[in-house]
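This report concerns only the one structure given below.
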Amino acid sequence: MNITRYPKNPILLPLNKNPWESYAAFNGSVIKTNDKYRMLYRAMSSKQFVSGAELELSVIATAESADGIDFDNRKLLITPSEDWDTFGCEDPRVTMLDNEYFIFYTALSTFPFSAPGIKVGLAISDDLSTVKEKHLITPFNAKAMTLFPEKINGKYAVLFTANTDLPPSKIAVAYFDKKEDLWSEKFWNKWYKSLDEQTLPLTWSSLDQVEVGATPIKTEYGWLLIYCYIENYFTDQRQVQIKGVLLDLKDPKKIVGEIKKPLLVPETDYEIKGNVPNTIFANGAIIEKESLSIYYSACDTSVCLAEVPVKELFSSMQINNVAPVKFEKFKENPILKAIPEHSWESKAVFNPAAISLEGKIYIIYRAQSGDDISRFGLAVSTDGVSIEERLPDPIYSPREDFESRGCEDPRITQIGDKLYICYTAYAGGDLTRVALTSISVENFLKRNWDWEKPILITAPGIYDKDACIFPETFGGKYLFLHRITPGISVDYSKTLTFGESNWLRTQSYIIPKPHSWDDEKIGIGPTPVKTTYGWLLIYHGISKKDHFYRAGAMLMDLKEPQIIIARTEYPILEPTEDYEKIDGRGIVFPCGMVELEKYLYTYYGGGDGNICVAKINTQELLTYLKDQVNKKYLVTPPLVPHR
Numbered sequence: 002m003n004i005t006r007y008p009k010n011p012i013l014l015p016l017n018k019n020p021w022e023s024y025a026a027f028n029g030s031v032i033k034t035n036d037k038y039r040m041l042y043r044a045m046s047s048k049q050f051v052s053g054a055e056l057e058l059s060v061i062a063t064a065e066s067a068d069g070i071d072f073d074n075r076k077l078l079i080t081p082s083e084d085w086d087t088f089g090c091e092d093p094r095v096t097m098l099d100n101e102y103f104i105f106y107t108a109l110s111t112f113p114f115s116a117p118g119i120k121v122g123l124a125i126s127d128d129l130s131t132v133k134e135k136h137l138i139t140p141f142n143a144k145a146m147t148l149f150p151e152k153i154n155g156k157y158a159v160l161f162t163a164n165t166d167l168p169p170s171k172i173a174v175a176y177f178d179k180k181e182d183l184w185s186e187k188f189w190n191k192w193y194k195s196l197d198e199q200t201l202p203l204t205w206s207s208l209d210q211v212e213v214g215a216t217p218i219k220t221e222y223g224w225l226l227i228y229c230y231i232e233n234y235f236t237d238q239r240q241v242q243i244k245g246v247l248l249d250l251k252d253p254k255k256i257v258g259e260i261k262k263p264l265l266v267p268e269t270d271y272e273i274k275g276n277v278p279n280t281i282f283a284n285g286a287i288i289e290k291e292s293l294s295i296y297y298s299a300c301d302t303s304v305c306l307a308e309v310p311v312k313e314l315f316s317s318m319q320i321n322n323v324a325p326v327k328f329e330k331f332k333e334n335p336i337l338k339a340i341p342e343h344s345w346e347s348k349a350v351f352n353p354a355a356i357s358l359e360g361k362i363y364i365i366y367r368a369q370s371g372d373d374i375s376r377f378g379l380a381v382s383t384d385g386v387s388i389e390e391r392l393p394d395p396i397y398s399p400r401e402d403f404e405s406r407g408c409e410d411p412r413i414t415q416i417g418d419k420l421y422i423c424y425t426a427y428a429g430g431d432l433t434r435v436a437l438t439s440i441s442v443e444n445f446l447k448r449n450w451d452w453e454k455p456i457l458i459t460a461p462g463i464y465d466k467d468a469c470i471f472p473e474t475f476g477g478k479y480l481f482l483h484r485i486t487p488g489i490s491v492d493y494s495k496t497l498t499f500g501e502s503n504w505l506r507t508q509s510y511i512i513p514k515p516h517s518w519d520d521e522k523i524g525i526g527p528t529p530v531k532t533t534y535g536w537l538l539i540y541h542g543i544s545k546k547d548h549f550y551r552a553g554a555m556l557m558d559l560k561e562p563q564i565i566i567a568r569t570e571y572p573i574l575e576p577t578e579d580y581e582k583i584d585g586r587g588i589v590f591p592c593g594m595v596e597l598e599k600y601l602y603t604y605y606g607g608g609d610g611n612i613c614v615a616k617i618n619t620q621e622l623l624t625y626l627k628d629q630v631n632k633k634y635l636v637t638p639p640l641v642p643h644r
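Everything in the sequence shown is counted per my numbering, starting at 2 for the first residue and increasing by one.
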């Protein structure tokens with residue numbers, strides 16, 4: 002995509018002759034009225050004393066232009082006048098609606114600056130020359146609010162960033178019947194309780210930060226939002242980006258299009274050197290004459306301009322017209338915890354397989370004893386979430402030397418009248434291998450634990466785990482998935498007899514996606530489910546950024562499942578709760594899935610210590626994936642040689 006910086010950038014610099022902007026002039030929001038461009042920008046003075054504190058004071062000024070490039074006639078517009086903006090007025094965003102200008106800004110009431118004193122303020126003007134009223138908007142920490150330039154479904158709508166100084170920040174939407182509700186503390190206190198339900202799914206790592214950039218622009222495809230994305234916000238590898246996303250015209254919480262690559266990152270000298278080095282931030286955007294103009298600040302010092310042809314912008318955007326979908330977690334999670342009185346499951350229970358048989362859901366879970374040996378336990382549910390029976394003894398324990406230290410992470414598959422379980426066999430040391438056992442459905446239901454003698458199916462000397470067998474054969478061959486780091490191995494086998502001449506050998510390989518939530522390594526979740534569109538595989542992925550475990554979904558070709566025909570671009574299950582975290586790491590690890598009515602229920606280990614359940618609407622997930630089918634994710638040759 003051809004995005005061009007204006008050759009004479011910056012277009013607005015601080016003026017020493019104006020004491021109120023002698024230090025910086027940046028974060029400009031631009032609006033065009035009566036053939037005149039008006040920029041509202043954040044102006045900072047040199048050090049001065051305010052209520053006994055010495056600081057560079059921020060105010061909001063205006064400038065005018067006939068062409069949107071050369072701005073002059075600078076004047077003050079908004080200055081501190083209330084207790085809640087005593088220490089500064091920052092980063093304006095202006096919208097005209099119902100013949101009034103709504104100017105939202107960051108209001109600072111404490112110094113040194115802290116989250117409780119950083120909130121959203123509003124100034125209303127008739128002419129952008131004087132302010133007729135001011136209001137404190139949010140009673141909680143927030144920044145970067147903007148009003149949509151028209152009502153949505155008959156309501157005022159704002160987009161803003163909550164918890165900017167209590168990360169992770171969240172870009173959220175709020176609606177109002179009348180403008181007076183904008184500054185209703187009662188409204189906001191109630192709204193804040195459902196913050197997560199109003200949030201746009203723009204981040205996938207807790208190490209990243211997002212913030213609203215410019216006021217959304219209405220297009221035929223959706224609301225175009227230019228926003229700021231900061232990767233690795235809390236680390237030395239921090240990178241500030243300007244990105245673009247399309248929001249549904251009637252429901253802006255839904256993302257209908259996205260540009261995966263940043264529009265801008267700091268590159269030029271004026272974007273690298275300044276008051277805050279290596280920082281760019283978009284506060285304004287206008288579409289005119291088939292071109293998108295982005296007004297952005299450079300190093301919290303000046304205002305710059307970049308342009309991109311609209312056709313190129315939208316041709317680079319993945320427009321799907323389908324809302325992102327996510328698993329909904331059961332409110333009563335975890336559904337299973339360790340039982341200290343049972344020595345074999347006294348330390349942890351996690352990573353469960355699941356299967357539906359004769360109207361019951363059987364959850365086969367990994368249980369860990371105090372000496373770290375893993376066995377399999379069994380719990381039973383009818384509705385998918387309530388546990389009505391849990392056996393007091395394990396249903397499967399280590400029997401062979403190759404699994405002497407534990408049987409881990411089962412995946413279960415029914416083929417005919419048999420249940421096959423692939424699991425990780427651990428005998429100590431640095432390596433694990435995959436083992437396979439089976440039991441008849443009849444014996445399983447009768448609780449007659451007459452398991453077949455387990456066998457190893459993966460080669461010696463290679464770290465291998467997370468495996469399953471497909472419930473159907475392909476050309477008379479069985480199909481296995483297993484994980485050899487960093488990806489998923491795909492193998493066909495004519496027989497279920499394994500040995501030196503017939504180990505699983507990685508005939509195809511599914512790789513992690515670079516620069517994504519699953520770029521460190523990936524592995525399977527539950528056994529794939531056959532659908533009209535393809536084999537549905539829920540899989541886990543680990544991020545190089547924070548090393549959290551998240552889950553996404555793939556569609557595998559019905560006839561040749563080694564071909565991945567669609568893959569979610571974002572995680573659909575993430576560790577957000579305390580019960581999903583351990584030692585600072587977030588872990589959701591699904592191993593089982595069943596279908597109940599119109600939902601898929603997945604059973605997963607939370608934080609390597611307990612068992613949880615989440616559901617997702619089957620058709621919504623498949624519809625989203627079906628829309629991605631035009632993007633082929635072909636597997637690669639093996640990256641790991643087998644012996």
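Positions of the beta carbon are idealized from the N, C-alpha and C atoms, including for glycine.
Would you please state the rounded distance, in angstroms, between the beta carbons of residue i and residue j? I believe it to be under 8 Å.
i, j, result
"TYR397", "ALA380", "Contact doesn't hold; Cβ gap of about 14 Å is too wide."
"LEU306", "ILE281", "Between ILE281 and LEU306 the Cβ distance is about 12 Å, and since that is not below 8 Å, they are no contact."
"ALA428", "VAL435", "Wrong, their Cβ atoms sit about 13 Å apart, outside the cutoff."
"PRO591", "ILE539", "6 Å"
"VAL304", "PRO8", "Incorrect: roughly 15 Å between the Cβ atoms, too far for contact."
"THR165", "ILE231", "The pair is not a contact, with the Cβ atoms about 11 Å apart (cut-off 8 Å)."
"TYR602", "MET594", "7 Å"
"LEU13", "PHE72", "6 Å"
On the CB-based measure, 16 or more other CB atoms within 10 Å of its CB, does residue i come out buried or exposed?
i, result
"LEU109", "buried"
"THR383", "exposed"
"LYS632", "Annotation note: pLDDT 46 at LYS632 (below 50); position unreliable, coordinate value reported separately. Classification of LYS632: exposed, given that the 10 Å Cβ count is below 16."
"GLU404", "buried"
"LEU640", "Reliability of the predicted coordinates at LEU640 is poor, the pLDDT of 37 falling under 50, and the value obtained from them is presented with this limitation in mind. Classification of LEU640: exposed, given that the 10 Å Cβ count is below 16."
"PRO341", "exposed"
"THR96", "buried"
"THR107", "buried"
"GLU390", "exposed"
Let's see if you can read the secondary structure: which residues bound the beta strand (DSSP E) around residue i?
i, result
"GLN563", "Unbroken run through GLN563: none, as it is neither H nor E."
"ILE440", "433 to 441"
"PHE481", "479 to 485"
DSSP three-state label for residue i, please.
i, result
"PHE403", "helix"
"TRP518", "coil"
"PHE149", "coil"
"ASN352", "strand"
"ASP197", "helix"
"GLN620", "helix"
"ASN611", "strand"
"TYR625", "helix"
"ASP467", "strand"
"SER587", "Checking the sequence, you will find Gly at residue 587 rather than Ser. GLY587: strand per DSSP, three-state reduction."
"GLY553", "strand"
"SER344", "helix"
"VAL641", "With a pLDDT of 37 at VAL641, under the threshold of 50, the predicted position of this residue should be treated as unreliable, though the coordinate-derived value follows. VAL641 falls in the coil class under three-state DSSP."
"ASN284", "strand"
"ASN444", "helix"
"PHE188", "helix"
"LYS261", "coil"
"TRP536", "strand"
Please name the residue, chosen from the options, that lies closest to residue i on a Cα-to-Cα basis.
i, options, result
"TYR604", "GLU581, LEU226, ASN276, TRP85", "GLU581"
"SER130", "GLU268, TYR176, GLN199, PHE103", "PHE103"
"GLN238", "ASP209, LEU225, TRP224, GLY245", "ASP209"
"ALA44", "ILE79, ILE12, ALA54", "ILE79"
"ASP178", "SER170, PHE188, ILE172", "PHE188"
"LYS522", "TYR424, ASP547, GLU212, THR96", "ASP547"
"THR433", "GLY462, TYR421, ILE422, ASP451", "GLY462"
"ASN334", "ASP465, ARG376, LYS616, MET40", "LYS616"
"LYS454", "VAL51, PHE114, GLU401", "GLU401"
"LEU559", "TYR296, GLY535, ASP467", "GLY535"
"LEU597", "ILE588, CYS423, TYR228, VAL614", "VAL614"
"GLU359", "PRO562, VAL442, ALA64, VAL491", "VAL442"
Just curious, the alpha helix (DSSP H) that residue i is in, first and last residue?
i, result
"ASP270", "270 to 273"
"PHE328", "Neither: PHE328 is in no alpha helix (DSSP H) and is coded neither H nor E."
"GLU313", "311 to 316"
With 8 Å set as the bound, which would you pick, yes or no: does the beta-carbon of residue i sit closer than that to a beta-carbon of chain B?
i, result
"LEU482", "Protein chains in the displayed structure number just one, and chain B is not present."
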